[in-house]
Structures are given as structure tokens and as C-alpha cells.
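J.: Numbering (our numbering) for the sequence shown: 566 to 1361.
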Amino acid sequence: VMASMAHLQEEKLRLQEELLGLQEKLAAQESDELSHSLHLQGQVETLKAKLLEQAQEISRLRSELGGTDAEKHRDLLAAENERLRREMKACEGELRELRRQQQTPCQDCTHLQENTELRERLSQLQREAEETRAKLAELDLEVQQKTNRLAEVELRLKDSLAERAEEEERLSRRLRDSQETIASLKSQPQQIKYIIKTVEVESAKAKQALCESQSRNQYLQEQVGMQRQVLKEMEQQLQSSQKTVAQLRAQITMYEAELERAHGQMLEEMQAMEEEKNHAIEEAFSRAQVEMKAVHENLAGVRTNLLTLQPALRTLTHDYNSLKRQVRNFPLLLQETLRSARAEIGQAIEEVHNTNQELLRKYRRELQLRKKCHNELVRLKGNIRVFGRVRPIMKEDGEGPEAANAVTFDAEDDAVLHLLHKGKQVSFELDKVFPPQASQEEVGAAVHAAGMSGGCNHLLLTLPGTPQVFQEVQALVTSCIDGYNVCIFAYGQTGAGKTYTMEGTAANPGINQRALQLLFSEVRGKAADWDYAISVSAAEIYNEALRDLLGKEPQEKLEIKLCPDGSGQLYVPGLTEFRVQSVEDINKVFEFGHINRATECTNLNEHSSRSHALLIVTVRGLDRSTGLRTTGKLNLVDLAGSERVGRSGAEGSRLREAQHINKSLSALGDVIYALRSRQGHVPFRNSKLTYLLQDSLSGDSKTLMMVQVSPAEKNTSETLCSLKFAERVRSVELGPVSRKAELAFWPSQEQLEVTEGPPGDSAGTAAPSGRSHTSPSTGQLSSRAASIRRKLQTSG
Ligand code: ADP
Ligand code: MG
566 VMASMAHLQE
576 EKLRLQEELL
586 GLQEKLAAQE
596 SDELSHSLHL
606 QGQVETLKAK
616 LLEQAQEISR
626 LRSELGGTDA
636 EKHRDLLAAE
646 NERLRREMKA
656 CEGELRELRR
666 QQQTPCQDCT
676 HLQENTELRE
686 RLSQLQREAE
696 ETRAKLAELD
706 LEVQQKTNRL
716 AEVELRLKDS
726 LAERAEEEER
736 LSRRLRDSQE
746 TIASLKSQPQ
756 QIKYIIKTVE
766 VESAKAKQAL
776 CESQSRNQYL
786 QEQVGMQRQV
796 LKEMEQQLQS
806 SQKTVAQLRA
816 QITMYEAELE
826 RAHGQMLEEM
836 QAMEEEKNHA
846 IEEAFSRAQV
856 EMKAVHENLA
866 GVRTNLLTLQ
876 PALRTLTHDY
886 NSLKRQVRNF
896 PLLLQETLRS
906 ARAEIGQAIE
916 EVHNTNQELL
926 RKYRRELQLR
936 KKCHNELVRL
946 KGNIRVFGRV
956 RPIMKEDGEG
966 PEAANAVTFD
976 AEDDAVLHLL
986 HKGKQVSFEL
996 DKVFPPQASQ
1006 EEVGAAVHAA
1016 GMSGGCNHLL
1026 LTLPGTPQVF
1036 QEVQALVTSC
1046 IDGYNVCIFA
1056 YGQTGAGKTY
1066 TMEGTAANPG
1076 INQRALQLLF
1086 SEVRGKAADW
1096 DYAISVSAAE
1106 IYNEALRDLL
1116 GKEPQEKLEI
1126 KLCPDGSGQL
1136 YVPGLTEFRV
1146 QSVEDINKVF
1156 EFGHINRATE
1166 CTNLNEHSSR
1176 SHALLIVTVR
1186 GLDRSTGLRT
1196 TGKLNLVDLA
1206 GSERVGRSGA
1216 EGSRLREAQH
1226 INKSLSALGD
1236 VIYALRSRQG
1246 HVPFRNSKLT
1256 YLLQDSLSGD
1266 SKTLMMVQVS
1276 PAEKNTSETL
1286 CSLKFAERVR
1296 SVELGPVSRK
1306 AELAFWPSQE
1316 QLEVTEGPPG
1326 DSAGTAAPSG
1336 RSHTSPSTGQ
1346 LSSRAASIRR
1356 KLQTSG
């Protein structure tokens, strides 16, 4: 429909253009007509001027001859003519005006309207043409009348000319009369003679009268000549005027013919134009009709389309209405759904929360249970483990019988070792014994086994010799990460390998670094749920003075104080703590500690053997899900050499050092003993070392005592002491020891010196034996004790 509309519009524009062209043509023809009429008017004007001249001439003649009625009538006619001409002009002006009106373009867009308008205009124009035709007829009539009048005028003119001729005749007659009179007068001479006689009487009078009549005659003759001339002129004039009139008449007839021709032409042109117009209108009408038909067809097509679309529209409307209804209901529905969903979610959240709470409660209960179990296990197994490590024979041990190996191992039991001392084999049972060939990794694994509080011990027992290093160390580290305090001591005489076990070498690092490494990896593994902070402090205790190895002023003596928060915890104000996040950090810390330690003494080896070196690792954890906070401490202690200097008769500072070492190691033994025998009072305060490590030794803390021994023959005495110390520490837990017995059973360092010898020798007096106090409740240990007993019996 749109396309056809556009097409129609174009067609309409084209038609309008055509119409405009036709109108232009019409205007051109009209202008032609106008020019024609103007030309005619000009001619009429000239004729008029000529007529005027004629009239003037006539009036002049009339003034000479006197005016006639015909002339008056002619004048009237001329005036009439003038008026008619003016009317014609007015008519022409109206015609032009009407045409101009016709030229105004049609603004209506519908063809029917256009057609009707065109038709109306056409009829109007026809009417106007009719009017003009009528006016033309009138004008013709007038022209006819005028010609009639002119004829009349001419007739009158002829009459007047006749009259004039008569007048002339009359005048000539008079002239002839006068001449005859003169001739008659001449033919009478006798009379004149007589008269002369008489005249001679009266001659004067006659002569005068004759003269007078002769002059009068002359004058009259002149007058007649003049009149004749005038007449001739007038005749000539009349002739010329007659000619002119004839000419005018011919012109008039010519003009009339021309006018008629022009009129005919005009009529023809008008007819042609009308025909053209009609034709154009018809064409436009037919075209419009065709277009209308096409539009109607289109309309019909659209209508059929509409009819086919109607059902679809109906369904769409239906859908739309239903959708609208749904949309209207949607917010309510949504709100309801949201409300229910919210309620459901809330309920679910509540449920989840409850479940979580329940789980958390269970988890806490489990934790507590685990802790309780752990504690129970610790109580059963003892949270203090004692390992022995025998270093290999080295070239520093010298050669010959002094450097001979005095230590042997049990092939079946990795907890037993035999020492040949003064020709006698003394057997010791510890929790585990590492032979010289044991690698650092294995030691680490065993250290770890201690951390597992028996669980991995079992593993070690079932799979002896299998290096379970990382898996087992991980458990120890886990123990620390879980919030337990761990103490690992290296005990033994100088040169027995304490530092080697704890620190190790750069190529083969010891427990310190390995433990920390695994601590890091463990922490990384738990990073999803836990936030951990690991910090390190390094200190040394020399002559009962605590020094910060990482501090700016290592000489400064630090004090151990009770936390002011009333928790009963101890802390060391001013002890430097470095946060570490990688092995590199630890190495830097170690290096720094070493440098500090080295600058403080002249001989590092000697100094280090006379002081306790402590590496305190604090692991602080936060369980993000439960908010549970844990703090675990890993104390790695490289103890001072346990060798007995008293015997060598040392003096001064050497003696003081020895006394301090002796005191602190005894105190450590006392504390461990008190702890394992579960005494009410544990003498932590007896030394700086035990006091400092109080919270890491008590409660559910785990302690590992690594007793280092030298296998060399020359060191057997010290080795014996160390092993005795170890066995005593270990054996304490094995039996319910009374409070009284405690003190009697626990020897001091000096006592260890005095009661030197195989434990079998002094069994009756002081040294307690694990084997004699085997707890029946721990089957594993009792069976192990039984095997020891059996071995001891065989060894004598
Ligand atoms: P301590 O610290 O007890 O005085 P060290 O750790 O300094 O003894 O050991 C003394 C020497 O023995 C060192 O040269 C050390 O490398 C070596 N040593 C100790 N234990 C072992 C071992 N298990 N394997 C190899 N060498 C060892
Ligand atoms: Mg050392």
C-alpha cells in the first residue's frame, strides 16, 4: 500500500507538472491573445486618432459650414465605442484574473477532488468564454450599429455636400445675374448719350455712381473668384475626406475581418486547449482509476492478508493478554517465591548452621577426645622419648686401642645397645638407638616417630629400618602445628655429635632445618583453612645467663618473666623473634645467630660446648572456619657438653662453667624425672634452662632426648654416664614411682659420676631399671623389657 501510495504521489506530481505546463501554454496563448488584442487596440487607437482627426476636421468644416445632426450622432457613437472598448478591457482584465486564479496549484491530494475542481474550473472557464463570446457578439452588434451609423453619417455628409452644391449653384446663378446686369448696362450707350446730355446735366452724379458700381462690380468679381477657389478647395477636401472615409471603411472591414479571424483563432485555440485539457483530465482520470484499481487490488490483498492474520493476531492477543496477566501476577508470584525461597534459604541456612554448629561441636568434641586420647596415649607411652645416637669412629679419635669401638647393637632390637666398658658389656634399652651409619634423614624420621607418640613407633617396629623420614617428621611437625609444644634436646659429651644432629652440616642439615622445612610445607598444605605465622628466636644459656643470639646486643642478659595476663605463661622480654616464611629466612637467622655467638667468644667450639644453644620456633595458627587459635612451640636445644670436668681439677672460670652446666643438666634431669613420674612439684625453677622451657616440658608437651654417644674406647666412661642418664630419664615412666622414691632414685650429675659402672652393679642401691618396673598394662613395652632382661641374663 505504501509503495502504491508513493507511486500515486509520483503520478500526481507528474500530472501536476503536466497541468502546470498546460497552464503555462494557456498563459502563453493568452499573452499572445493579449498582444493581439493590444495590437488591435493600438490599431483601434490609431483609427480612433484618425477618427478624431476626421471628427476635428468635420467639426472644423462644420464650424465653417455649420454642425450637423449626423456628426453629433457620430460623436455619440464614438463615445459609445470608447465605453465599449473600456468594458472590453475590463473583461479582458477579469479574464486574466480568472486565469491567474486558475493557475494557483491544487493542494488537495486526492484525485477525485482534483478532478472535480478541474471540472468546476473548466465549467467556470466555459462560462467565462461564453460570457466573452456574448460580449464579443455585443461588440459585433455595436460595430454593426456603428457601421450603420457611419453609413447614415455618410448619407448625411452626402446631403450636406448636395446642399453645398446647391448653394454654389445659387451663388453662380447670382454671379451670372450680376454679369447679365453688367452686360445689359453696357448695351444701353444712346441712352448714356442722352443721359450724357442729361448726364451732362447730371454727369457728375452718374459718373460717381458708375465708378461706385464699377468698383462694386470689381469687388464682387473678386468675391466670386475667391468663392470659386474656396469651393474648389472644399471640393478637393471633400474628395480627400471621401477617400479617407473609404479607406477607413476598408480598414474597418479589414480590422473586422482580422478581429473575426483572431476571434475564430482564439475560439479554435480555446477549443483545442479545452480538448487538450479534457484529454489530460481524462488521461489523468483514467490513470488515477487504474492506480485506484491497483490500490484497490492491493487493498484487497492486504485485506485478505489481514483476514489471514486476524486469527494469528487473535492468538497473539490472547497470548499477550495471558502474558500480561502473568506479568501482572509476576511480582506477586516473585514476591511469594522470593519469600518462600528466602524462608527456605533461611531454613536451609539455619539447618546448615545448625549442622555446622553440630559439626563444630562434634569437631571440638573430637578434638578434645583426640587430645584426651593423645594425652592418654602420652600417659601410657610417655610423652618423653629417649633416643640414642652413636656417631661413627673418626680420625679425631686417634688410633690404637683408645680408638677402638666399644659400642655394639642388637640385630633384632633397634632400641638396645651394648657398651663394652672395662671388659664388661653393659646393655641399655632406650626408645630407639641409631647406629653410626644412620643418616640424618633416618634420625629425622625417628624424631618424628617420637612426635607421633607411639603410633609411628609401631610403624617403626613393624617396618624396621624403613626410612619413613618425611612422613614421620611431618607428624612431629603436625604435632607442633596442632598446638603442642615440642622439645628436642641433644645431650652428650663434647664431640659426641650433638651439634651434628641438631644443626648438621650445610650439605647434610640436621633436625633444626629439616623440622622447619617440613613445618613450612605442612603449613602450606593447610593454608586453605588455616593462617599460620612461624617465628624464630635463638638464645643461649651460658653460666645461667640467658642471651639473645638474634638481638642487637647479645651480651645483654635476659630475664624470664611471668606473663602479666595471669595465664601463668612465661616470656622473655626483649627476646628477638623473627618471622620466617622460607628456608632462606631460616638460614639467614641461623647465620645471624652464629655470627652473634662467634663474636661473643674467643673460641667458638669451646664456648659452644659450654653453653646451651636454643632455637625456639613458634607456630601460631588460626582456623578461619572455626576461629580456633593454636600456638605451638618447637624448642630445639643443643645442650652443653655433659662431660664431667670436676674430676680433672678445673679451677676458676672453667670450674664455674662446669658447675653451671652440671647444675642445669641435673635440673633438666630432675624436671624430666618429675614430669614422667607425674609428681606434683616439678622443679622447673632450678635452672634457667628448665625455667625457660617450662611450658614446653609440662602438660601434654612432647620431649625428645637425643643422647649422643661416642663409640670410641677412650670415651666409654662418658658414654656410660650419658647412657645411664638416658635410661634413667626413660625408665622413670615405666613404673608408678612414689614421691619418696623419686628423689632417692634420681641421681645428680655428681652421683652419675660416682655410681659409674654398669647399672646391673648398682641395681640394688640406686639406679632404677626399666626392666624391674615394667608396667603390665603396656604389653609392647613389657615384652620389650622381657627381651632386654633375657639379653641381660645371657650377657651376665
Ligand atoms: P658436639 O656438638 O657434641 O660437640 P659435634 O657435633 O661437633 O659434637 O661432632 C664432632 C665431630 O663429629 C664433628 O666433626 C662431626 O662432624 C662429627 N660427627 C658427629 N656425629 C656424626 C655422625 N653421625 N656422622 C658423621 N660425623 C659425625
Ligand atoms: Mg656442639
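By construction, the Cβ of each residue, glycine as well, lies at the ideal position given by its N, Cα and C atoms.
Give me the residue from A748, H828 and M799 with the minimum Cα distance to A702.
T.: Among A748, H828 and M799, the Cα nearest to that of A702 belongs to H828.
J.: Suppose you measure from the CA of Q922 to the CA of S1261; what does that come to, to the nearest Å?
T.: One C-alpha to the other measures close to 32 Å.
J.: Among R781, L1258 and L616, whose alpha-carbon lies nearest the alpha-carbon of I1053?
T.: Closest option to I1053, Cα to Cα, is L1258.
J.: Here's the rule I'm using: 16 or more other beta-carbon atoms within 10 Å means buried, otherwise exposed. How should R950 be labelled?
T.: Its Cβ being crowded by 16 or more others within 10 Å, R950 is buried.
J.: Where does Q990 sit, in a helix, a strand or coil, going by DSSP?
T.: Q990: strand per DSSP, three-state reduction.
J.: What residues sit near the ligand MG, counting only those whose C-beta is closer than 7 Å to one of its heavy atoms, in chain order?
T.: This criterion selects T1059, K1063, T1064, S1173, S1174 and D1203.
J.: For S1173, which option in A1163, L1180, I1181 and V1182 has the closest C-alpha, if you only look at C-alpha atoms?
T.: S1173 has its Cα closest to that of A1163, out of A1163, L1180, I1181 and V1182.
J.: With a threshold of 7 Å (Cβ to nearest heavy atom), would M1270 be considered close to the ligand ADP?
T.: Incorrect: M1270 has no Cβ contact closer than 7 Å to the ligand ADP.
J.: Find the nearest neighbour of T1066 within the set E839, V1274, Q786 and Q816, judged by alpha-carbon distance.
T.: Cα-wise, what sits closest to T1066 is V1274.
J.: Return helix, strand or coil for H983, following the three-state DSSP convention.
T.: Of the three classes helix, strand and coil, the one that applies to H983 here is strand, per DSSP.
J.: Please report the straight-line C-alpha distance between E576 and E696, rounded to a whole angstrom.
T.: C-alpha separation (whole angstroms): 35 Å.
J.: In this structure, does DSSP put L1258 in helix, strand or coil?
T.: In the structure shown, L1258 sits in coil (DSSP, three-state: anything other than H, G, I, E or B).
J.: Indicate the three-state DSSP secondary structure (helix, strand or coil) for R648 in the structure shown.
T.: Three-state DSSP puts R648 in a helix.
J.: What three-state label does DSSP hand D1113 in the structure shown?
T.: D1113 falls in the strand class under three-state DSSP.
J.: Give me the residue from S737, E1124, T1183 and G1060 with the minimum Cα distance to V789.
T.: Answer by Cα proximity: S737.
J.: Between the C-alpha atoms of L1308 and W1095, what's the straight-line distance to the nearest angstrom?
T.: Here the model assigns L1308 a pLDDT of 33, short of 50, so the residue's position is not dependable, and the following value carries that caveat. Using only the alpha carbons, I get a separation of about 45 Å.
J.: Does chain D have any CB closer than 8 Å to the CB of M1270?
T.: You won't find chain D in this structure, because it holds only one protein chain.
J.: Where does T1164 fall in DSSP's three states?
T.: In this structure, T1164 counts as helix in the three-state DSSP scheme.
J.: Quick one: what does DSSP say H1246 is sitting in, helix, strand or coil?
T.: Three-state DSSP puts H1246 in coil, outside helix and strand.
J.: Taking A968 as the reference, which of A716, Q1224, A877 and I958 has the closest Cα?
T.: Comparing Cα-Cα distances from A968 to each of A716, Q1224, A877 and I958, the minimum goes to I958.
J.: Count the other CB atoms within 10 Å of the CB of D742; is the residue buried (16 or more) or exposed (fewer)?
T.: Flag for D742 reads exposed.
J.: From the DSSP secondary-structure annotation, give me the bridge partner or partners of E1105.
T.: Paired residue(s): R1112 and A1178.
J.: Compute the minimum distance between the beta carbon of P957 and the heavy atoms of the ligand NAP, and state whether it is under 7 Å.
T.: The model depicted lacks the ligand NAP and carries the ligand ADP and the ligand MG instead.
J.: Go ahead and pull the three-state DSSP assignment for W1311.
T.: For W1311, the predicted structure reports a pLDDT of 40, less than 50, and the residue's modelled location is therefore unreliable. A value from the coordinates is still provided. Coil at W1311, not helix or strand.
J.: With M959 as the anchor, note down where its beta strand (DSSP E) starts and where it stops.
T.: Per DSSP, M959 belongs to no beta strand (DSSP E) and is neither H nor E.
J.: With a threshold of 16 other CB atoms inside 10 Å of the CB of H1225, please say whether the residue is buried or exposed.
T.: Per the 10 Å Cβ criterion, buried.
J.: What does the alpha-carbon distance come out to for the pair G1206 and E1283?
T.: In a straight line, the C-alpha of G1206 is about 10 Å away from that of E1283.
J.: Counting C-beta neighbours from all protein chains within 10 Å, is the total for E732 16 or more, i.e. buried, or is it exposed?
T.: Burial call: exposed.
J.: Examine the ligand ADP and report whether any of its heavy atoms sits within less than 7 Å of the Cβ of G1057.
T.: Yes.
J.: Could you tell me the alpha carbon to alpha carbon distance between R692 and A837, rounded to whole angstroms?
T.: Answer to the nearest angstrom: the Cα atoms are 17 Å apart.
J.: Just to check, is the beta-carbon of G1186 closer than 7 Å to a non-hydrogen atom of the ligand ADP?
T.: Not so, every heavy atom of the ligand ADP lies at least 7 Å from the Cβ.
J.: Is C1045 helix, strand or coil by DSSP?
T.: In the structure shown, C1045 sits in a helix (DSSP, three-state: H, G or I).
J.: Look up G1158 in the DSSP assignment and say whether it is helix, strand or coil.
T.: Residue state, collapsed to three classes: helix.
J.: Any chance the CB of A1061 is under 7 Å from a heavy atom of the ligand ADP?
T.: Yes, since a heavy atom of the ligand ADP falls inside the 7 Å radius drawn around the Cβ of A1061.
J.: Give me the residue from A614, L715 and H861 with the minimum Cα distance to L641.
T.: Among A614, L715 and H861, the Cα nearest to that of L641 is on L715.
J.: DSSP has S1100 in a bridge; who is on the other side?
T.: According to DSSP, which records beta bridges pairwise, S1100 is partnered with R1144 and T1183.
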